[in-house]
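According to the numbering used here, the sequence shown is numbered sequentially starting from 190.
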Amino acid sequence: MRIVYLNPSGQMGGAEVALLDLLASLRAARPEWDLHLIAGAEGALIPRAESLGVHAMALPFPHTLARLGDAGGGGPAGAQFTRAALLKKLFQAGSPVISYVRELKSALRQIQPDAIHTNGFKMHVLGARARPHKSIPVIWHVRDYVGARPLMARLLRWHARACAAVVTNSQSVADDVRAVCGDKLKIYPVYDAIDLEHFSTAGEKLDLDSIAGLPAPAPGTLRVGLLAT
Numbered sequence: 190m191r192i193v194y195l196n197p198s199g200q201m202g203g204a205e206v207a208l209l210d211l212l213a214s215l216r217a218a219r220p221e222w223d224l225h226l227i228a229g230a231e232g233a234l235i236p237r238a239e240s241l242g243v244h245a246m247a248l249p250f251p252h253t254l255a256r257l258g259d260a261g262g263g264g265p266a267g268a269q270f271t272r273a274a275l276l277k278k279l280f281q282a283g284s285p286v287i288s289y290v291r292e293l294k295s296a297l298r299q300i301q302p303d304a305i306h307t308n309g310f311k312m313h314v315l316g317a318r319a320r321p322h323k324s325i326p327v328i329w330h331v332r333d334y335v336g337a338r339p340l341m342a343r344l345l346r347w348h349a350r351a352c353a354a355v356v357t358n359s360q361s362v363a364d365d366v367r368a369v370c371g372d373k374l375k376i377y378p379v380y381d382a383i384d385l386e387h388f389s390t391a392g393e394k395l396d397l398d399s400i401a402g403l404p405a406p407a408p409g410t411l412r413v414g415l416l417a418t
């Protein structure tokens, strides 16, 4: 079995940590499988994947594609820019995106995968368009809500026929994908694994209050915040 994983970023974030855990688990469970990774940018993800025995490479996004995003183009995510501005970005990215799809398809032809596993909204669409043959299944691994993304919701809906199955990191995200793409798409919620040896409470701990110049919290204080990896 030869599987190609597509990821938009080469940097390490929460999704990339989860992807590496998946690759490590597959390497242990199926050591005979041939695993490949193509990232949309250079970064620490490449050598980390290679250390697991994965054939990893960067196929950098063109600048206009890398900067293209619709999270602030309306819907629940807010409207930091107008739909007209979003359409302008799409027009500017059109030709580079077509060229990138050709490059990605060429890379996939050389690898000859049995399956393509995509991560990140951009790679869900690019992977669906770049697969060398319609017989190659494409699996989307969705970790974010797409219903709040006006452009991406349409793009995923249009490309859902090319997707053999969707893996989500929660039932809530699965429900969101189903609301956008319809009931015909096979969707499987699978929780991300956690490496308890790496993410352990043993050892020294940072005094975040002191670092931030804040007094120690009162007993029973509940902290709510965003954890960045």
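Note that beta-carbon positions come from the ideal geometry of N, C-alpha and C, so glycine has one too.
| Query | Result |
| --- | --- |
| DSSP three-state assignment for ARG191, whether helix, strand or coil | strand |
| Alpha helix (DSSP H) runs contained entirely in the stretch 300-332, provided each spans 4 or more residues | 310-319 |
| With 16 other Cβ atoms within 10 Å as the buried cut-off, status of HIS322 | exposed |
| Run of the alpha helix (DSSP H) containing ASP364, from where it starts to where it stops | 360-370 |
| Cβ neighbour criterion (16 or more within 10 Å) applied to TRP347 | exposed |
| Buried or exposed (CB count within 10 angstroms, at least 16 for buried), PHE388 | exposed |
| Start and end residues, beta strand (DSSP E) containing ASP398 | Here ASP398 belongs to no beta strand (DSSP E); instead the alpha helix (DSSP H) covers 397-400. |
| Pair within 8 Å by beta-carbon distance, VAL206 and HIS225 | no |
| Test item: CB-CB of VAL356 and VAL335 under 8 Å | no |
| For VAL356, the first and last residue of its enclosing beta strand (DSSP E) | 354-357 |
| Spatial distance of THR307 from ALA405 (CA atoms) | 44 Å |
| Alpha-carbon to alpha-carbon, ALA228 and ARG318 | 16 Å |
| Cα-Cα separation, PRO408 to ASP398 | 14 Å |
| Those residues which DSSP pairs with ALA228 across a bridge | ASN196 and ALA247 |
| Beta-carbon gap between VAL193 and ILE305 smaller than 8 Å | yes |
| DSSP-derived helix/strand/coil call for TYR334 | coil |
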